[in-house]
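Q: Numbering (the numbering used here), first residue to last: 1041 to 2153. Virtual Cβ for every residue (Gly too), placed ideally from N, Cα, C.
(1) So the beta strand (DSSP E) residue 1145 belongs to, where does it begin and stop?
(2) Please go through the same chain and pick out, in chain order, the residues whose beta-carbon is closer than 7 Å to the beta-carbon of residue 1997, but skip the five residues on each side of it.
(3) Give the straight-line distance between the Cα atoms of residue 1604 and residue 1202, rounded to the nearest whole angstrom.
(4) Let me check understanding here. Comparing Cα to Cα, which of 1895, 1529, 1159 lies closest to residue 2041?
(5) Considering only C-alpha positions, which residue in the set 1147, 1186, 1166, 2108 is nearest to residue 1179?
(6) Are the stretch 1231 to 1240 and the stretch 1370 to 1385 touching by the rule of at least three beta carbon pairs closer than 8 Å?
(7) Judging by CA-CA distance, which residue of 1073, 1114, 1871 is the nearest neighbour of residue 1086?
(8) Between the Cα of residue 1945 and those of 1476, 1489, 1468, 1280, spot the shortest distance and give me the residue it belongs to.
(9) Can you check DSSP and say which residues form a bridge with residue 1243?
(10) Under the rule that 16 or more other beta-carbon atoms within 10 Å means buried, what is residue 2070, buried or exposed?
(11) Among 1583, 2038, 1192, 1140, which has the Cα closest to the Cα of residue 1213?
(12) How many angstroms separate the CA atom of residue 1770 from the CA atom of residue 1488?
(13) Can you give me the Cβ contacts of residue 2061 inside the same chain, cut-off strictly under 8 Å, excluding the 5 residues immediately before and after it?
(14) Return the Cβ separation of residue 1373 and residue 1364 in integer angstroms, given the expectation that the two are a contact with Cβ distance under 8 Å.
(15) For the structure I just gave you, are there three or more beta carbon pairs, one from the stretch 1583 to 1590 and one from the stretch 1780 to 1788, closer than 8 Å?
(16) Give me, in chain order, the residues of the same chain whose beta-carbon lies closer than 6 Å to that of residue 1426; leave out the 5 immediate sequence neighbours on both sides.
(17) Going by DSSP, name the residue or residues bridged to residue 1273.
(18) Mind checking residue 1064: buried by the 16 CB within 10 Å criterion, or exposed?
(19) Quick check on the DSSP output: what are the complete beta strand (DSSP E) runs of length 3 or more inside the stretch 1934 to 1997, in order along the chain?
(20) By the three-class DSSP mapping on this structure, what secondary structure does residue 2225 have?
(21) Between which two residues does the alpha helix (DSSP H) holding residue 1788 run?
(22) Under the three-state reduction of DSSP, which class applies to residue 2182: helix, strand or coil?
(23) For the alpha helix (DSSP H) that contains residue 1078, what are its first and last residues?
(24) Take every Cβ of the stretch 1675 to 1684, pair it with every Cβ of the stretch 1843 to 1863, and state whether three or more of those distances are shorter than 8 Å.
(25) DSSP on residue 1544, reduced to helix/strand/coil?
(26) So residue 1711 and residue 1764 are in contact, right, with Cβ under 8 Å, and what is the actual spacing, rounded?
(27) In whole angstroms, what is the alpha-carbon distance linking residue 1206 and residue 2000?
(28) Kindly give me the distance between the Cβ atoms of residue 1196 and residue 1159, rounded to whole angstroms, as I take these residues to be in contact under 8 Å.
(29) Which two residues bound the contiguous beta strand (DSSP E) that contains residue 1228?
(30) Per DSSP, what are the beta-bridge partners of residue 1255 in this structure?
(31) Ends of the beta strand (DSSP E) at residue 2015?
(32) Do you know whose CA, among 1221, 1261, 1090, 2073, lies nearest residue 1297's CA?
(33) With the cut-off set at 8 Å, would you say residue 1638 and residue 1849 are in Cβ contact?
(34) Between residue 1672 and residue 1612, is the Cβ-Cβ spacing less than 8 Å?
(35) For residue 1608, which beta-bridge partners are listed by DSSP?
(36) With a threshold of 8 Å, are at least 3 pairs of Cβ atoms found where one atom belongs to the stretch 1909 to 1916 and the other to the stretch 1872 to 1887?
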């Protein structure tokens, strides 16, 4: 019994149990400990170490199966050690080490003499997997030293090297025959540190293009040798007593607790200690150091980098790179690393900090950055406050009392009327019914009304005629196509992923069109704006798609929605462009586009420095960018093709593959029977005497056949291995039909797989921190930042109400979406203001804030601030839905009033006082967007195909430079065209019909289109084959409806194109034009029977070319 008790006590006291058993106290924290090797516990085979067990609890045991390579157990300096001499131990997968940028701190208790030759590796940590087309270079580390013949002094100096990359070197020799504790630290962001017996012997950063790229597939571990090359010169010869590896960086206190534990093994033989024993204080220890080394450049009104170092609060405030200290963790503090690496102070100004000074700085930060005088960190927040109107919480304005002003209908009118009355102005008269229906139809659906719709509205004299019309238009499927196109502009949508710089090369992204359909459907169903944003920013985080057995429509929609974040140009599919600078460009453009589209902020101006004209810092830029880095991490990059996902779960794909296999097996079985029958018939046709000779000749290689065999194979063929195409015609019709049916089923399954691709965004599993990039250069990372929104609108809130739908994501983008849609905060208020201003812009041609993409202090002030606040409040209160919001605007007098300046004195006076109509005393005359012009032509000609959704319609680049739709050279009277939103949407090379009318280039997102008037537009109207075809179609249409009646045909022409009756003067002019062309065509070919239709088509083309057709009155 006593023996059992003693054994139990011994087991409990073993380090392995201590690491696994939290009830047993340890002298140091095992948080993050992934490997713990102690020479006192090994598994031997004839005195050689067969297995070195791991005591961390993660089962990272090292082994060596080859006896000749097994190290020996020995005694060194009176202690048990594992002696390596041309030997090694290894581990295939180091549990606890992740792919990507894995931080670590390694403690090695060792003793070794300087080797005569070679470059020994004590520890080698390499990637488990090799990336396709790439090697494992720069995807691992080694600890040892390098024997450089040109620098004999390098021998014996500890190094932490990147595999086939940069090296970090110690300042002193460690291979000296004495017991040592050596430490190698990788703190992320290319930062390293080396320690010997607790004292710093090197700090710095790997510079240039030879730094660490990240582990791929996790990490493998080798002790005593280089894991990749197996070069004998890399064997480590020496003794190892204990090794500890942490998957994080320890602070000073944690480090020395581990050191004190290791110290116990050798007592006084070496002393693991710090040079800094007392508590460090800013005023007495750190401030004098800064004054001596830094303050000359970092003080006053214009300090270098915007960084002042006069006081402790200045260190917290930081400069353009953000805060430079992280109390409690020197390894995360920019101040420590920029001084430890020797980058600061500049070499031409001062000597670098000494080792003791660096340790003093590190000790002070790790100890909490203590100071004699307490500081109030709340004052830092005040630096980012602004009284700018856009950065405040919403304040619903009081509606002015009803006025006697003519036409006031709604609260919107009351708010505008107050401004008009202050200038003794009034609204214009309500536009005519013909004008109103055309205006509303184009604004809500992007299509003109049909003559039948016009007639119904004009004849409806009820009070609800106008609201009922608006309801019908918003219920149309075309509503989503119209308002979806507006949204697609704002996000910079194109059907390609690349920058699209080559007109001849078109590379559509598989299934990206699904996002276009998602947007259109969302507008048609009037999805609330907050839901719409959450799905697009974090749809993948809202549903557990990775573990779903079946992808229902909700999962598919949530994944498709994230395509919004795939709209920035991404050329990294090309190997030569898959470089860090391009990857960062994609990340930054994505963040900038989101900020500009949703918040109306031009954050690109603070990528390299604090914004010159806005209260937005460079730190804000990278805080906002950090929301997206878990999905767009440049150092854990996925090429565009690798980001594509199938909208099918693994089990669904497996089921489809199983069905495919079954169908193919049935086909193969039927065909095989037919093949055997065909073979038998073929063989029977060969004379018996030579049949075997033919079969034998076919089996012999060509160059080894004799003349007879060559003759036989030439006559009867090389083989009788008939393929399916040869067998099918010889089979009975019933069997052929069976194969056809099965093949169709198989093809349908293949189409299901091919058509299930989508361009989604999701976290790639990277947890790398985000750093401020000094001067915007990725080679110069600065302080680490956490994800967030711009400080000037950031209010701490509880965002735990909605967590990600699963644990396989960081939740950063969902947190951002929740902040943007928290309407009670300045962030949510700004989101709402930007949205309603954009909607107003689409209805009036210009927003209440004219600079739709810039709501900052450098943007234009709102013309009607109270109106903007009212609209944002109304939008939020009415469930953030577009349709009721639009109805509120479209039923106002300000929308319904005429756009034409009347001839009366009041209108003339208004034109003089407010010629730009900023006070909204009339509606604005607006030119239609390119898509609306093309689609209106198709409606008039009767050739619009209303089919919605699906793959885009292809376009063709002609040698002339014109871009036209596919099938342009095969047009018949039955040809129809779909709406412009369904044409292949490229970034640069739009169909000419859209390009001439200012469809925007989408290198960047577009929040406000131009509306130019150029000669090219007139020339296109006169010479376009497309417009000519539509004019001919319209001529046939009206000729069919009113044969042999030119006057009635012209009346129909004006109804289809302009939505109104023709005037007497217009009838006379059109008749004259018709007669002129009819005579010309007849004279050109007296026998033609097409002169009448051609002449009528010419008149149609003239009307298409009028300003009235392409403008919204």
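A: Here's the rundown:
(1) The residue given as residue 1145 occupies position 105 in the chain shown. Element bounds for residue 1145: 1144 to 1151.
(2) Within the chain shown, residue 1997 is the residue found at index 957, counting from 1. Hits under 7 Å: 1543, 1544, 2003, 2029.
(3) In the chain shown, the residue the question calls residue 1604 occupies position 564. In the chain shown, the residue the question calls residue 1202 occupies position 162. Straight across, the Cα-Cα distance linking residue 1604 with residue 1202 is about 37 Å.
(4) The residue labelled residue 2041 in the question sits at position 1001 within the chain shown. Nearest of 1895, 1529, 1159 to residue 2041, Cα basis: 1529.
(5) Within the chain shown, residue 1179 is the residue found at index 139, counting from 1. Measuring from the Cα of residue 1179, the nearest candidate turns out to be 1166.
(6) yes
(7) As a first step, residue 1086 must be located in the chain shown, where it is residue number 46. Measuring from the Cα of residue 1086, the nearest candidate turns out to be 1114.
(8) Walking along the chain shown from the start, residue 1945 turns up at place 905. Comparing Cα-Cα distances from residue 1945 to each of 1476, 1489, 1468, 1280, the minimum goes to 1468.
(9) As a position in the chain shown, residue 1243 is number 203, starting the count at 1. DSSP, once it has assigned bridges, lists 1233 as partnering residue 1243.
(10) Within the chain shown, the letter at position 1030 stands for residue 2070. So residue 2070 counts as buried.
(11) As a first step, residue 1213 must be located in the chain shown, where it is residue number 173. Taking only the C-alpha atoms, the option nearest residue 1213 is 1192.
(12) Translated into the one-based positions of the chain shown, residue 1770 becomes position 730. Translated into the one-based positions of the chain shown, residue 1488 becomes position 448. Distance between the alpha carbons of residue 1770 and residue 1488 is about 59 Å.
(13) Looking up residue 2061 in the chain shown gives position 1021. Non-local C-beta neighbours of residue 2061 in its own chain, meaning closer than 8 Å and more than five positions away in sequence, comprise 2067, 2141, 2144, 2145, ordered along the chain.
(14) Walking along the chain shown from the start, residue 1373 turns up at place 333. Walking along the chain shown from the start, residue 1364 turns up at place 324. Correct: roughly 7 Å between the Cβ atoms.
(15) Three or more beta-carbon pairs separated by less than 8 Å are not found between the stretch 1583 to 1590 and the stretch 1780 to 1788, which leaves the two stretches without contact.
(16) Here residue 1426 refers to the residue found at position 386 when the chain shown is read from its first residue. For residue 1426, where only same-chain residues beyond five positions count, the Cβ hits under 6 Å are 1655, 1832.
(17) The count along the chain shown starts at 1 and reaches residue 1273 at position 233. DSSP output for residue 1273 lists no bridge partner at all.
(18) The residue labelled residue 1064 in the question sits at position 24 within the chain shown. Residue confidence is low: residue 1064 scores 48 on pLDDT, short of 50, so the model does not pin down where it sits. No coordinate-derived value is stated.
(19) 1995 to 1997
(20) What is shown of the chain runs 1041 to 2153, which leaves residue 2225 out entirely.
(21) Numbered from 1 along the chain shown, position 748 holds the residue referred to as residue 1788. Per DSSP, residue 1788 belongs to the alpha helix (DSSP H) from 1773 to 1794.
(22) One cannot answer for residue 2182 here, as it falls past the ends of the chain, which runs 1041 to 2153.
(23) Against the chain shown, residue 1078 aligns to sequence position 38. Here residue 1078 belongs to no alpha helix (DSSP H); instead the beta strand (DSSP E) covers 1073 to 1078.
(24) no
(25) For the purposes of this step, residue 1544 is taken as the residue at position 504 of the chain shown. It is coil, neither helix nor strand.
(26) Translated into positions along the chain shown, residue 1711 becomes position 671. Translated into positions along the chain shown, residue 1764 becomes position 724. Rounded, the Cβ-Cβ distance is 5 Å, consistent with contact.
(27) On the chain shown, residue 1206 is found 166 positions in, with the first residue counted as 1. On the chain shown, residue 2000 is found 960 positions in, with the first residue counted as 1. C-alpha separation (whole angstroms): 53 Å.
(28) If you number the chain shown from 1, residue 1196 lands on position 156. If you number the chain shown from 1, residue 1159 lands on position 119. Incorrect: roughly 11 Å between the Cβ atoms, too far for contact.
(29) Here the question's residue 1228 lines up with position 188 in the chain shown. Per DSSP, the unbroken beta strand (DSSP E) holding residue 1228 starts and ends at 1220 to 1228.
(30) Working through the chain shown from its first residue, we reach residue 1255 at position 215. 1140.
(31) To locate residue 2015, count along the chain shown from 1; it is residue 975. It is not in any beta strand (DSSP E) - residue 2015 carries neither H nor E in the DSSP assignment.
(32) Sequence index remark: in the chain shown, residue 1297 carries index 257 (1-based). Distances from the CA of residue 1297 to each of 1221, 1261, 1090, 2073 were compared; the closest alpha carbon is that of 1221.
(33) Here the question's residue 1638 lines up with position 598 in the chain shown. Here the question's residue 1849 lines up with position 809 in the chain shown. Annotated as distal: residue 1638 and residue 1849, with beta-carbon spacing of 8 Å or more.
(34) Counted from its first residue, the chain shown places residue 1672 at position 632. Counted from its first residue, the chain shown places residue 1612 at position 572. For residue 1672 and residue 1612, no; Cβs fall outside 8 Å.
(35) As a position in the chain shown, residue 1608 is number 568, starting the count at 1. Under DSSP, residue 1608 forms no beta bridge with any residue.
(36) At 8 Å Cβ cutoff, the stretches touch.
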